[in-house]
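>
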Amino acid sequence: MSSEFRALMLVAGLGLSLPAAAETVCCDVDGKRTCGDPPPAACNTRAKIIYRKGGVAKEVEAPLTAEQRAAREAEEARRKVEERKAAEQARRDRALLDSFTTVKELDAARDRAIADLEKNAEQAKNRLEAALAKQKKLDDEKEFYLKKPLPALLKRQIDENEREIATQRQALEQKEQDVAAVRERFAADRERYLQLTGKAAAKK
43 MSSEFRALML
53 VAGLGLSLPA
63 AAETVCCDVD
73 GKRTCGDPPP
83 AACNTRAKII
93 YRKGGVAKEV
103 EAPLTAEQRA
113 AREAEEARRK
123 VEERKAAEQA
133 RRDRALLDSF
143 TTVKELDAAR
153 DRAIADLEKN
163 AEQAKNRLEA
173 ALAKQKKLDD
183 EKEFYLKKPL
193 PALLKRQIDE
203 NEREIATQRQ
213 ALEQKEQDVA
223 AVRERFAADR
233 ERYLQLTGKA
243 AAKK
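Set out below in structure tokens:
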């Protein structure tokens, strides 16, 4: 019960006998008891108690201010975010426990994932080295055309090779980032797995 309701009950209790018919009682800004049927205008923005046949039929909270509504909506939004986070964590925990029965299995999965990425990285590295070697040959050919326009074919080969170098460098960088991300993810999964299995063992 809010402080406004407690004050209202106190004022109502100190007043005259409760009305026999349906009547709304509230306190105005000065704490004075106001009642009537239909409800007085002063009750529109205050907490109120509706009496019927000598007893309390209903208690009505005061309407929220704009600030109170904003605070309540913000709290509700925060609560929903926390609920979604908790549900997602529970889903991940179930998937982790369903996927691995031991830490060794988890470590083996990590090693396989990293090995696949490193294999792809090695392929990108080889393609990059080949493109760099080709670049040297093309640069040697350019030496013959220092004082005259490059042949269209040579220019196209140089442009294509430059794009290949950029592509393979980007691919190699991405693979290195992928390996780091896999290590980080499996490290977090490993720590969480130990927490979950430790808790499960403690409950037995």
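According to the numbering used here, the sequence shown is numbered sequentially starting from 43.
Ideal Cβ positions, reconstructed from N, Cα and C, are used throughout, including at glycine.
Under three-state DSSP, which class holds residue 176?
Here residue 176 sits in helix by DSSP.
> What's the call for residue 210, buried or exposed, on a 16-neighbour Cβ count within 10 Å?
Per the 10 Å Cβ criterion, buried.
> For residue 187, count the other beta carbons within 10 Å of its own beta carbon; 16 or more makes it buried, fewer makes it exposed. Which is it?
Exposed: under 16 other Cβ atoms inside 10 Å.
> Please report the straight-line C-alpha distance between residue 99 and residue 106, rounded to a whole angstrom.
The pLDDT assigned to residue 99 is 48, lower than 50, so where the model puts this residue is not dependable; a value taken from the coordinates is nonetheless given after this. In a straight line, the C-alpha of residue 99 is about 22 Å away from that of residue 106.
> Apart from the five residues just before and just after residue 133, which ones in its own chain have a Cβ nearer than 6 Å to its Cβ?
Here the set comprises nothing.
> What is the DSSP secondary structure of residue 144, counted as helix, strand or coil?
Note: residue 144 maps to coil in three-state DSSP.
> Closest to residue 235 by CA distance: which of 148, 160, 179 is it?
Checking every option, the nearest Cα to that of residue 235 belongs to 148.
> Suppose the cutoff is 7 Å on Cβ atoms and the five residues either side in sequence are ignored; what does the same chain contact list for residue 220 look like?
Result list for residue 220: 159, in chain order.
> Touch check for the region 204 to 218 and the region 155 to 172: three-plus C-beta pairs under 8 Å?
Result yes; three or more Cβ-Cβ pairs closer than 8 Å.
> From residue 185 to residue 212, what distance separates their C-alpha atoms?
Near 29 Å, if we compare the C-alpha coordinates of residue 212 and residue 185.
> When the Cα atoms are used, what is the spatial distance from residue 224 to residue 135?
Taking the straight line joining both Cα atoms gives about 18 Å.
> Measuring only the C-alpha atoms, how far is residue 193 from residue 216?
Looking at the two C-alpha atoms, the distance is approximately 35 Å.
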